[in-house]
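Trainee: Structure provided below as structure tokens; questions to follow.
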Amino acid sequence: MIKLQKMTKKLLAILFVTLFIPLTVNAAPRVVESVVAVVNNNVILESDVNDMLKNIKATTDPKNLPDDATLKHQIIERLIIENLILQQASKSKITVSDEELTETIRNIAKENGMTLDELRGYLSSVGVSYSSYRDKMRTDMMIDHTRMNEVRQRITISDKEVEDLANTIAKQPTNNREINISHILISIPENPTKKQLDDATAKAKDVITRLQKGESFAKLAASYSNDDNALKGGSMGWHKLNELPSIFEERLVRAQKGDIIGPLRSGVGYHILKVDGTRAEAAKTVTVQEVNAKHILIKTNVLVTDEMAKQKLLDIRQSIKDGTTTFESAAKTYSEDPGSADKGGALGWNNPDRYDPAFKKGLAKLKKGEISQPIKSAFGWHLIELIDRRNVDRTDLAQKDQAYRLIFNRKFTEELQVWVQELRGDAYIKIIGEEN
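Note that the sequence shown covers residues -27 to -1, 1 to 409 in mature numbering (1 follows the signal peptide of the UniProt record, and there is no 0).
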């Protein structure tokens, strides 16, 4: 029997959103219900809002929640954005296959110490059908895929940006500082009128005043924030300082736990931050194991079957073992890899990760000086000889990789906010009972 204590916060959070009615584009006809909002050609139903309201109230400390009317408005806003993203997914023909979905759910179960069957059992025990869970997970994955697909195209990262940040990380290890923050966004339209700008400014100042008087940040976020994390009390979790938007980083460099920062103006609105914690990560030396190897490649085609290629390599291997030829000579005569054949099959020193997974796996099993049995990869059939292994300091490359990821995360966050602003600005949205 599955015990509740096995559940991690991550799985509980997933179960929490799973209880919401799945939001789909072009869904099958449903029983006529009250419509609370129109989003282009789609609608959001009152039952969608009420189900989300019920589950938020069941899983959130009441002191961090506003009144029902305010909370319902925030829920409608969230559902509008999700609906718009799903509409974009439909236009872009973004889908999630059954195989991808099952693999994701299997990984979630594994992270929580469960098998897939045990997860099914737990879901049943808390009254959640597995099919509903899959539907919600598929929707969430489509939203994530669409965001990544659309926003990634808007991001460019230069070699100089990566080099500069990598050098900064190397020289100032304290820039590996991580910070746990919560965020309130008071949004403004793409081209705000003076009144819209004045209203947003006044609201941001009012929120700051109320925070300074001791009101709950989480409650104010759930009441007023236009950020994705509003219904989680604005919590953004832990981030490295360098991956946060530039206007955040500049003000958080010396911030301490409990600090309230803002309002900070960006193109999408006013940002208010609360520092929930800080921690520093010591600089680390990164050592990787490289391999020096040689190989002989035989490709398959309409005339050369897998069995023929494999047998040819077995014959070559035996000839090398018998001493009638050498690996280098055989590579020059038979290998179909133009990059290494003339060099006797030599590949030089490389990180095994750069190789095809099957090739890498075969290499890992070899001892120094040993020749593999024929191995099939995506490129054909190989004989591999391991010449040697060595450990190499690759801290510089690791720092560049880290710098790229941090820059990407920063730009993604910034561009995502702009993309959502544009998505909403280009849509027809009508919230029933709300004055335009």
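Just so it is clear, CB atoms sit at the ideal spot from N, CA and C, and this is done for glycine as well. The model shown is predicted, which means the values in this text are computed figures rather than measured ones.
Please report whether the beta-carbon of S292 lies at a distance below 8 angstroms from any beta-carbon of chain D.
Mentor: Going by chain labels, chain D is absent from the structure shown, which holds only one protein chain.
Trainee: Would you mind stating whether Q390 and A195 have Cβ atoms separated by less than 8 angstroms?
Mentor: no
Trainee: Under the three-state reduction of DSSP, which class applies to N323: helix, strand or coil?
Mentor: strand
Trainee: What are the residues that DSSP puts in a beta bridge with A266?
Mentor: G321 and L359
Trainee: What's the gap between the Cα of R93 and the Cα of L217?
Mentor: 37 angstroms
Trainee: So, Y377 versus I116, is the Cβ gap smaller than 8 angstroms?
Mentor: no
Trainee: Could you tell me the alpha carbon to alpha carbon distance between Y401 and E309, rounded to whole angstroms?
Mentor: Here the alpha carbon of Y401 sits roughly 58 angstroms from the alpha carbon of E309.
Trainee: Say whether the region 4 to 21 touches the region 174 to 186, bearing in mind that this needs 3 or more beta-carbon pairs closer than 8 angstroms, one atom from each stretch.
Mentor: no
Trainee: Taking only the alpha-carbon atoms, compute the straight-line gap between V277 and A319 and give it to the nearest angstrom.
Mentor: C-alpha separation (whole angstroms): 24 angstroms.
Trainee: Determine, using beta-carbon pairs with one atom in the region 198 to 213 and one in the region 157 to 174, whether at least three such pairs fall under 8 angstroms.
Mentor: yes
Trainee: Determine the direct distance from the alpha carbon of V261 to that of R107, and round the result to whole angstroms.
Mentor: 39 angstroms
Trainee: Within its chain, find whatever has a CB closer than 6 angstroms to the CB of F381; leave out the 5 residues flanking it on each side and keep chain order.
Mentor: Taking F381 as the centre and dropping the five residues before and after it, the same chain places no C-beta closer than 6 angstroms to its C-beta.
Trainee: Do the region 122 to 137 and the region 347 to 366 meet, that is, are 3 or more Cβ pairs less than 8 angstroms apart?
Mentor: no
Trainee: Can you tell me which of the three DSSP states A139 falls into?
Mentor: helix
Trainee: Under 8 angstroms by Cβ, that's how I've got L336 and I357 pegged, so tell me the actual separation to the nearest angstrom.
Mentor: 6 angstroms
Trainee: Look up L276 in the DSSP assignment and say whether it is helix, strand or coil.
Mentor: The answer is coil: DSSP assigns L276 none of H, G, I, E or B.
Trainee: Are the Cβ atoms of N37 and G206 separated by less than 8 angstroms?
Mentor: yes
Trainee: Helix, strand or coil for A400? Go by DSSP, reduced to three states.
Mentor: Under the three-state reduction of DSSP, A400 is assigned to coil, being neither helix nor strand.
Trainee: Classify A303 as buried or exposed, calling it buried when 16 or more other Cβ atoms lie within 10 Å of its own Cβ.
Mentor: buried
Trainee: Alpha helix (DSSP H) containing D249: first to last residue?
Mentor: First-last for D249: G242 to R252, but that is the beta strand (DSSP E), not the alpha helix (DSSP H).
Trainee: Which partner residues of V12 appear in the DSSP bridge assignment?
Mentor: According to DSSP, V12 bridges with N15 and I402.
Trainee: What is the C-beta distance between N153 and G235, in whole angstroms, given that I count them as a contact (C-beta under 8 angstroms)?
Mentor: That pair is no contact at about 16 angstroms.
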